[in-house]
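Heads up: the protein sequence lines correspond to chains D and W, in order.
Under my numbering, the final residue of the first sequence carries the number 436; numbering is consecutive throughout.
Under my numbering, the final residue of the second sequence carries the number 872; numbering is consecutive throughout.
For every residue, glycine included, the Cβ atom is placed at its ideal position computed from N, Cα and C.
In this text, all values refer to a predicted model and were calculated from it rather than measured experimentally.
Notes for the one structure printed next.
Protein chains: 2
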Amino acid sequence: MVPHLITALAGPLNELEQRVLDATPAIERWFRLEWMEHTPPIYAAIDIRNAGFKVAPTDANLYPTGWHNLAGDVMPLAVQAAQAAIEKICPEARNLLIVPENGAPGSFYLENLARLREIFGMAGLNVRFGSIDPALRKNQTYPLSGGGSIAFEPALRIGPAALRMGLKHFDPCTILLNNALAAGAPGILEDLYEQYLLPPLQAGWTVRRMSRHYQCHEEICKRFGKLLGIDPWLIHPLFAACGEIAPGAPLNAEALREQVNGLFSKIRRKYKEYGIRDKPFAVIKARGHLLHLAAVRDVKELDALLAHLPKGKNGNGKAARPGAVSSEILVQEGVPEAERINDAQAEPVVYTIDRHVIGGYYRVCAKQDAGERTRYVPLAFAGHAQLPRPAPENKDGAAAPNRFYLYGVVGRLALVAASYELEATDPQMLTLDDAV
Amino acid sequence: MVPHLITALAGPLNELEQRVLDATPAIERWFRLEWMEHTPPIYAAIDIRNAGFKVAPTDANLYPTGWHNLAGDVMPLAVQAAQAAIEKICPEARNLLIVPENGAPGSFYLENLARLREIFGMAGLNVRFGSIDPALRKNQTYPLSGGGSIAFEPALRIGPAALRMGLKHFDPCTILLNNALAAGAPGILEDLYEQYLLPPLQAGWTVRRMSRHYQCHEEICKRFGKLLGIDPWLIHPLFAACGEIAPGAPLNAEALREQVNGLFSKIRRKYKEYGIRDKPFAVIKARGHLLHLAAVRDVKELDALLAHLPKGKNGNGKAARPGAVSSEILVQEGVPEAERINDAQAEPVVYTIDRHVIGGYYRVCAKQDAGERTRYVPLAFAGHAQLPRPAPENKDGAAAPNRFYLYGVVGRLALVAASYELEATDPQMLTLDDAV
């Protein structure tokens, strides 16, 4: 099922979309060459905003959940991509251990895990779930709403000298993390040199930095923009890094105000250049902080927000928790979402396995005044939906051009950025650098 | 659309099917390890017969046509497999030259070429058609029934010292043969060391030998049968090689009769072992000969056939054509087809790109008394159709088991056999052997 999407395209996007579709062979070749040099994360979900005048990623999640929101008919693509990934990573693999989030799983999260088990099971692996939650001391079986169940088993260090991680009588070749490691990597995941741990530990937000991701993304978009002859701003959100905030530390309001101001000048220049009459906005990103994801349309709005923050020393209204980690503050150009499903804002989310875009859905934002909840509308890629339109020679008999292709390209640019990021923070590469 | 198939399963097949589905992780691992050592043909179409009591391949076509008979919704799978193949073969590729069959193309063949252009175009290559038909001296454009067109251009040797093949202003990295080279490889295809020629020249029937293919297949099925704990006969057709027949030479009827007799003894033993009450039959395979694909139920029927052959010296009723090539004679166990669509016999055909099964269709045989023509019923793999059923833990909520999986396994066994075959006849490998 492909939802009826009312796109409100304006300004240069139609041109951008056309240019991207026309350059398909060059674009696909560009990605092939990138993947010769860089390794994509095993899986990812990329949030995209389509403003009409620009299309840009707003988040690249390297521990993606929500797999159950994908349409059933993208499963063969997901399985084929997983097969190709296994073949490259560990062709001898028999067993895969999936590490779920800690805590008691909700029913949607269980459906997500069931879908991951299905994908990697059909790709030819024995799949089991090994929990690293210290509170889980014995096997725990959770029923699935559609029948069947998911069993969480306590993950153990196994083998001689406990060099490996697995379950009782289950020694996996690869460990797939579906746990975002919010508080950092626990000891059980450290020093696993004999197994593939995917994504690697530095993909957790205690190591990742949004500023590093968007710096990588900016450079990549500059190169990609040259290839296509387009302004990289059309596919990249402007941002300003505002440093780290330690748990319990006060927010440096003046520095933040300055960064927001500088960002607005840049956005306004671009809006003027392209004749965009929308009022620009910026989004504050600061994980674990009350300001996280707050949108402001000018410095005055920021001041109002800051004035209303609770007076707690760390600005999040709570005393610093033990084990709480520093969070980075970033201000990002707000990209308005022009896609609509039944009048509600619909944000595309693109899912990847290895280097392949395998599907996606629209996150349809709640109309809060109508008391609605956020919904997920799967995009079925039956037929040719995620593919570019046929070659130009075939124009006469060609189907409508595929508007999802651009999202697949934008999603993969964020994926390339994530691969640069993971390389830059790879402890093994850092050790090599030190040695030189 | 998945057609309603009335399968007439009897004897050990249900057990075989169950065993194959249960062993999915072991089977997928087995194929992964095979593909570490061997290179699959770039594409193939494998004819399969499902007798109920056994399932076996009857032909592995390495220049597959009929791509237009596949359902539209397998296209994303085909494109993803093509992308993965390009990445391995020639990641820098920009251009692909497809070499079509010689002669004026029929409308179905043009649709086949259009589908191939679509697959490799969407995978990110500029695709053009270079004809090696000496009769084609200038560009020739053929309209497609659904709009658009296909242009055949005369293939040329290009570049310094004419070491490459291409078109005027079109230098491909890879050349895809969709021309079965019935009379052997013409000079224009020889000594192309700078480009990838796929499949390689030894995939043509002037070099391929059915007996070599089925010998390889027999060995592979023995090993695969051990893995599964099954009799390899359940997935392999018995055969007897009856040598070559040169153009113009008389058929050695006595030798053929002896081989047919020996084959029938073997088939009867197997039928007895499994309590199969069908009357066994054998199929004579001899390309270019009047007896090709004749089915006989005993030696008497063979004698009757031989007695009715025209008295021409070469047994094909014609004088040997200049340039006619030797053909091999093989007698193969006939595998009855138990699948039916509306009472008509339906033979599954499995399509592969690189190592991936990407789709298939049923060849529905004409009811000749009703004046019908052979039809092709695409199998839509929407949802999970070409995947094995979910992991055993999920049994409660699982969908019906996927009966196509077995065909995908049998098809890939023939693909492995073809890869062994192409290695055994690789001129570069032979040269290396000579050098030792």
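* Asked: Residues of chain D with CB under 9 Å from Gln576(W), in chain order?
  -> Those do not exist, as Gln576(W) stays about 14 Å from chain D at its closest Cβ, beyond 9 Å.
* Ile279(D) lies in the alpha helix (DSSP H); which residues open and close that run? -> Looking at the sequence provided, one finds Lys at residue 279(D) rather than Ile. Here Lys279(D) belongs to no alpha helix (DSSP H), and DSSP marks it neither H nor E.
* Counting along the chain, where does the beta strand (DSSP E) carrying Ala731(W) start and finish? -> Ala730 to Val732
* **Coarse secondary structure for Ala496(W), derived from DSSP in three states** => strand
* Helix, strand or coil: which one does DSSP assign to Asn531(W)? -> strand
* Asked: So, is the C-beta of His356(D) closer than 8 Å to a C-beta in chain W?
  -> yes
* Can you list, in chain order, the residues of its chain whose CB lies under 7 Å from that of Asn50(D), leaving out five sequence neighbours each side? -> Glu337, Ala338, Glu339 and Pro348
* Asked: Going by the beta-carbon positions, is the gap between Leu116(D) and Tyr142(D) smaller than 8 Å?
  -> no
* List the residues of chain D that Gln516(W) touches, going by C-beta distances under 7 Å, in chain order. => Leu77, Gln80, Ala81 and His356
* Should Tyr629(W) go down as buried or exposed, given a rule of 16 or more other Cβ atoms within 10 Å for buried? -> exposed
* To do: Starting from Gln345(D), follow its DSSP beta bridges and name the residues at the other end.
  => Arg340(D)
* Ala957(W) - DSSP class collapsed to helix/strand/coil -> What is shown of chain W runs 437 to 872, which leaves residue 957(W) out entirely.
* Asked: Exposed or buried, what is Gly847(W) when buried is set at 16 or more other beta-carbons lying within 10 Å of its beta-carbon?
  -> buried
* **Sequence-distant residues of its chain with Cβ nearer than 7 Å to Asp133(D) (five each side left out)** => Asn102 and Gly103
* **Where the beta strand (DSSP E) containing Tyr479(W) begins and where it ends** => Tyr479 to Asn486
* Ala223(D) versus Asn139(D) - alpha carbon distance -> One detail in the question is off: residue 223(D) reads as Arg in this sequence, not Ala. Between Arg223(D) and Asn139(D), the C-alpha separation is close to 50 Å.
* So, does the CB of Met472(W) fall closer than 8 Å to a CB anywhere in chain D? -> yes
* To do: Step through the CB atoms of chain W and report whether any lies within less than 8 Å of the CB of Ile441(D).
  => As shown, chain D starts at 1 and ends at 436. That puts residue 441(D) outside it, with no answer to give.
* Asked: Which partner residues does Thr788(W) have in the DSSP bridge list?
  -> Ala480(W) and Val793(W)
* To do: Return the chain-ordered ranges of every beta strand (DSSP E) run that is complete within the stretch 217 to 291 of chain D and spans a minimum of 3 residues.
  => 239 to 245 and 282 to 285
* To do: Would you list the one or two residues that DSSP bridges to Val905(W)?
  => This structure leaves residue 905(W) out entirely; chain W is present only between 437 and 872.
* Asked: Are the C-beta of Asn562(W) and some C-beta of chain D separated by less than 8 Å?
  -> yes
* To do: May I ask you to report which of helix, strand or coil DSSP gives Gly184(D)?
  => coil
* For Ile175(D), the residue or residues it bridges with in DSSP -> Leu97(D) and Leu197(D)
* **Element boundaries [alpha helix (DSSP H), containing Gln80(D)]** => Met75 to Ile89
* Do the stretch 677 to 685 of chain W and the stretch 759 to 769 of chain W meet, that is, are 3 or more Cβ pairs less than 8 Å apart? -> yes
* Asked: Which two residues bound the contiguous beta strand (DSSP E) that contains Ala550(W)?
  -> Counting along the chain, Ala550(W) falls outside any beta strand (DSSP E), though it belongs to the alpha helix (DSSP H) covering Ser543 to Met558.
* Helix, strand or coil for Gly566(W) per DSSP? -> strand
* Do Tyr499(W) and Ala616(W) have their C-beta atoms closer together than 8 Å? -> yes
* Between Thr460(W) and chain D, is there a C-beta pair that is closer than 8 Å? -> yes
* Asked: Going by other Cβ atoms of all chains shown within 10 Å of its Cβ, with 16 needed for buried, is His169(D) buried or exposed?
  -> exposed
* By how many angstroms is the C-alpha of Phe840(W) removed from the C-alpha of Ser265(D)? -> 60 Å
* Quickly, what does DSSP pair Ser585(W) with across the bridge? List them, please. => Pro579(W)
* What residues from the stretch 525 to 559 of chain W come within 8 Å of chain D, judged by C-beta to C-beta, listed N to C? -> Pro527, Glu528, Ala529, Arg530, Ala550, Arg553, Glu554, Gly557, Met558 and Ala559
* So what does Arg811(W) bridge to, in DSSP terms? -> Val800(W)
* **Rounded separation between Gly796(W) and Ala850(W) - CA only** => 15 Å
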